[in-house]
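A.B. asks:
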Amino acid sequence: MRTVPALLTVLFALTAYYVYTPLPSTLTERWKIMLLDATFRCAQDVSNFAHYVGLGHHLRVLNFVSNYFDKLDPVSSAHLKITDTVFDGVEVRIFEPQKELHGSLQRSIIFVHGGGWALGSAKTRSYDSLCRKISEDVDAVVISIEYRLVPNVHFPEQIHDVYAASKYFLQPEVLAKYSVDPQRIVLSGDSAGGNLAAAVCQQLMQDETITIKVKLQALIYPVLQIIDFNTPSYQQNMDMPIVSRFVMIKFWLDYLNGSHSFAHALLVNNHTSLDVSEAVALRQLLNWNSLLPSSFKKNYKPLLQNIGNPSVAQEIPALFDPRASPLIAHKETLQELPKTYILTCEHDVLRDDGMLYVKRLEEAGVDVTHDHYEDCFHGCMLFATWPTYFSAGARTRDGYIKWLRDNL
Ligand SMILES: *[C@@H]1O[C@H](CO)[C@@H](O)[C@H](O)[C@H]1NC(C)=O
Ligand SMILES: *[C@@H]1O[C@H](CO)[C@@H](O)[C@H](O)[C@H]1NC(C)=O
């Protein structure tokens, strides 16, 4: 019987070891973040094990496990009518305020969910409740796009889905059906959804067959580049929960259908070394030493290799494609972009992706609002409701909604 307390002690110690991660004191609600992170790591470990024993691709298992407990049917309320439908072959969930319009037109948000191009869904509780909140508080029609995911499809299929659904919606007769004002539409997304929104926004503005353009783009801690994994924010936050640098690199490789065996080369910027011909100009374009403010640079040094792994660029043709990394688009493309909102968090590997886009857009003459949250972490906006309530979640969400109310 004495073994029971001993076993419990060992179990407790192991659990504490698994959950505990040292976190900077500038981050608020640290214990809750550790628990959230441990949950994600546990789900990842289980799906990696299932992959290993041949039950299926680890991302498919992870998505199955998370969606199994989380997918919701469209349930309307007194305030919102919620429906699932299809726009040009792409599933969408639509949130419409329930009210008498008397011929007046409404504002609208095209929303692209995040999840590393591989996870998440417009139908999960987290994105369903975020879109409900946006629709109610902005008093606008929200179109949440259910694009296809890795590993079923890879780059550029996710972009094609978001593009097709957006283009379909931006037709006069479709907008009229939903009583949407063609002058007041925003394209928005978070994380990998912010990557897709940014890429699609660049294409929509260039496409002469589309006469109705979006008024704004709003990007929430977006992923914007695969060129440099040693920006100050990647160095500072390499082990930060929910998305570490290594996890982000693996999402990128899966999205571009590249082998995970390149992950360590990407980690040390061997894919953009000076012996890779395209890389030289791109590293110059994203020269953060001159673009970032010193409060972001701190004492971090750029990592530029003379000799690296040119084979990565040969094996992954999309490596230098601006549709994958909207941050490297030409200035002529950026000049066409609408007024932009970018939200960044200090404790996020992707902070500098967002900040560099702010700089490049401003240089191209685009009107940009940059909201930076000193005590927040990547993905926090999804955690603003019980049982995963974080003040970081509610504050970032409310700031984003306020900007939409004021500018849309
Ligand atoms: C992805 O890569 C694998 C192996 O490298 C290849 O067999 C497959 O055709 C690729 N898929 C796509 C969609 O390019
Ligand atoms: C980076 O490239 C150099 C030169 O080819 C090589 O010696 C080194 O092992 C590479 N590092 C990684 C992690 O791939």
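Residues 22 to 429 (our numbering) make up the sequence shown, in order.
Note that the Cβ used here is the ideal one computed from N, Cα and C, for glycine as well.
All values reported here derive from a predicted model rather than from experimental measurement.
#1: Could you give the first and the last residue of the continuous beta strand (DSSP E) run that contains Phe398?
#2: Just the C-alpha distance for Cys272 and Leu288, rounded to the nearest angstrom, thanks.
#3: How would you label Pro338, buried or exposed, when you count the other beta carbons within 10 angstroms and need 16 or more for buried?
#4: In whole angstroms, give me the CA-to-CA distance for Ser412 and Phe404.
#5: With a threshold of 6 Å (Cβ to nearest heavy atom), would Val289 be considered close to ligand 2?
#6: Short check: CB of Gly135 to CB of Gly214, under 7 Å?
#7: Would you check if the distance between the CB atom of Arg304 and the CB atom of Val370 is smaller than 7 Å?
#8: His393 and Val379: beta carbons closer than 7 Å?
#9: In its own chain, which residues sit with a C-beta less than 7 Å from the C-beta of Gln65, not counting the 5 before and 5 after it?
#10: Quick one: using the 10 Å Cβ neighbour count with 16 as the cut-off for buried, is Pro262 buried or exposed?
#11: Over the uninterrupted beta strand (DSSP E) stretch that includes Leu101, give me the two end residues.
#12: When you compare the CB of Val244 with every CB in chain C, is at least one pair closer than 7 Å?
#13: For Cys366, I'd like the list of residues in its chain whose CB is within less than 7 Å of its CB, leaving aside the five on either flank, ordered along the chain.
#14: Is any heavy atom in ligand 2 found nearer than 6 Å to the beta carbon of His285?
#15: For His123, count neighbouring Cβ atoms within 10 angstroms of its own Cβ and tell me buried if that reaches 16, exposed if not.
#16: Since Gln238 and Leu348 are thought to touch, with beta carbons under 8 Å apart, how far apart are those beta carbons, to the nearest angstrom?
#17: Consider the C-beta atom of His351 and the heavy atoms of ligand 1; say whether any pair is separated by less than 6 Å.
#18: For Val171 versus Trp138, is the C-beta distance shorter than 7 Å?
#19: Determine the direct distance from the alpha carbon of Val86 to that of Glu167, and round the result to whole angstroms.
#20: Could you round the C-beta distance between Ile164 and Ser129 to whole angstroms and report it? I think they count as a contact, below 8 Å.
#21: I believe Ala284 touches Val333 by the beta-carbon criterion, under 8 Å. Please report the beta-carbon distance rounded to the nearest angstrom.
#22: Tell me which same chain residues have a C-beta within less than 8 Å of the C-beta of Asn69, skipping the five on either side of it?
#23: Thinking just about the alpha-carbon of each residue, which of Thr145, Asn278, Leu225 and Trp309 is nearest to the one in Ile248?
#24: Taking a contact to mean a Cβ-Cβ separation below 7 Å, would you say Met55 touches Val67 in this structure?
#25: So is the beta-carbon of Ile328 under 6 Å away from any non-hydrogen atom of ligand 2?
#26: Could you tell me if Gln257 is buried or exposed, where buried requires 16 or more neighbouring beta carbons within 10 angstroms of its beta carbon?
#27: Does the beta-carbon of Tyr73 have 16 or more other beta-carbons within 10 angstroms, so that it is buried, or is it exposed?
#28: Please return the same chain residues whose Cβ sits closer than 6 Å to the Cβ of Tyr410, not counting the five positions on each side in sequence.
#29: Taking the C-alpha atoms as reference points, what is the distance between Pro118 and Ser187?
#30: From the DSSP output, which residues share a beta bridge with Phe116?
#31: Whole angstroms is fine: what's the gap from Asn291's alpha carbon to Asn327's?
C.D. replies: According to the structure shown:
#1: Note, Phe398: beta strand (DSSP E), Val389 to Phe398.
#2: Strictly speaking, residue 272 in this sequence is Phe, with Cys absent from that position. Their Cα atoms are separated by approximately 13 Å.
#3: In the assembly as shown, Pro338 is an exposed residue. Its beta-carbon has fewer than 16 other beta-carbons within 10 Å.
#4: Between Ser412 and Phe404, the C-alpha separation is close to 8 Å.
#5: In this structure, the C-beta of Val289 approaches ligand 2 to less than 6 Å from one of its heavy atoms.
#6: Contact annotation: Gly135 and Gly214 have beta-carbon atoms nearer than 7 Å.
#7: Not closer than 7 Å, so no.
#8: Taking 7 Å as the Cβ cut-off, His393 and Val379 do not qualify as a contacting pair.
#9: Closer than 7 Å at Cβ, skipping near neighbours: Leu83.
#10: Its Cβ being crowded by 16 or more others within 10 Å, Pro262 is buried.
#11: According to the DSSP assignment, Leu101 belongs to the beta strand (DSSP E) that extends over Leu101 to Phe108.
#12: The chain labelled as chain C is not found in the depicted structure, where only one protein chain is given.
#13: Exclusion of the five residues before and after Cys366 leaves Tyr242, Arg372, Tyr394, Cys397, Phe398, His399 and Cys401 as the residues of its chain whose Cβ lies within less than 7 Å of its Cβ.
#14: Here the distance from the Cβ of His285 to the nearest heavy atom of ligand 2 is below 6 Å.
#15: Around the beta carbon of His123, fewer than 16 other beta carbons sit within 10 angstroms, so the residue counts as exposed.
#16: Wrong, their Cβ atoms sit about 14 Å apart, outside the cutoff.
#17: No.
#18: Between Val171 and Trp138, the C-beta spacing is below 7 Å.
#19: Their backbone Cα atoms lie some 18 Å apart in a straight line.
#20: Contact holds; Cβ gap of about 7 Å.
#21: About 10 Å separates the two Cβ atoms, so there is no contact after all.
#22: Listed in chain order, the non-local C-beta contacts of Asn69 below 8 Å within the same chain comprise His79, local neighbours out to five positions each way being set aside.
#23: Minimum Cα distance to Ile248 is reached at Trp309.
#24: No Cβ-Cβ contact shorter than 7 Å links Met55 with Val67.
#25: Checking every heavy atom of ligand 2 against the Cβ of Ile328, one is found closer than 6 Å.
#26: With 16 or more other Cβ atoms within 10 Å, it is buried.
#27: The residue in question, Tyr73, is exposed, as its Cβ has fewer than 16 Cβ neighbours within 10 Å.
#28: Answer for Tyr410: no residue qualifies.
#29: The alpha-carbon atoms of Pro118 and Ser187 are separated by roughly 20 Å.
#30: Ile103 and Val163.
#31: Going by the C-alpha atoms only, they are around 9 Å apart.
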